[in-house]
Amino acid sequence: MAIIFQTLSIGDAHIRLAVVTDPFQADLWVYRVSSIKTAHGECYWFITPDKQDATLLVYFTSADSAQVKVYFTSNYEDAGWQNESLFRGKFG
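Residue numbers for the sequence shown follow UniProt numbering, so the first one is 1 and each next one is one higher.
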């Protein structure tokens, strides 16, 4: 389940992410859901303001320093790994 909390400390983060605006540069296309109950898998994210609710602490950084590049899609059906074999499992 992808309940995401953005930490401001790289030392607290489980993973370093970069948000990209070009979908073809992304490793993962993410769809933001509106409630914790609808967050699932690695690509349907609920972003929480409460650290204790999170299943993953992320630190947003530059594309050069990121472990995974994400693109936020507005289409539910488009969400998913663009190269699943390389990255699947990085989120827990």
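Quick reminder that beta carbons are idealized off the backbone N, C-alpha and C, glycines included. This one's a predicted model, so the numbers in the text were calculated from it and none came from an experiment.
- Look at Ile10 here: in three-state DSSP terms it is coil, with no helix or strand label.
- By the 16-neighbour rule on beta-carbons within 10 angstroms, Ile4 is buried.
- Between Ala2 and Thr55 a beta carbon distance of about 7 Å is seen, short of the 8 Å cut, so the two are scored as contacting.
- The beta carbon of Asp78 lies closer than 8 Å to those of Trp29, Tyr31 in the same chain, with the five residues before and after it left out.
- Tyr71 has its alpha-carbon roughly 7 Å from the corresponding atom of Asp22.
- Put simply, the backbone Cα of Ser74 is about 11 Å away from that of Tyr44.
- Counting only the Cα atoms, Thr7 lies some 12 Å from Gln52.
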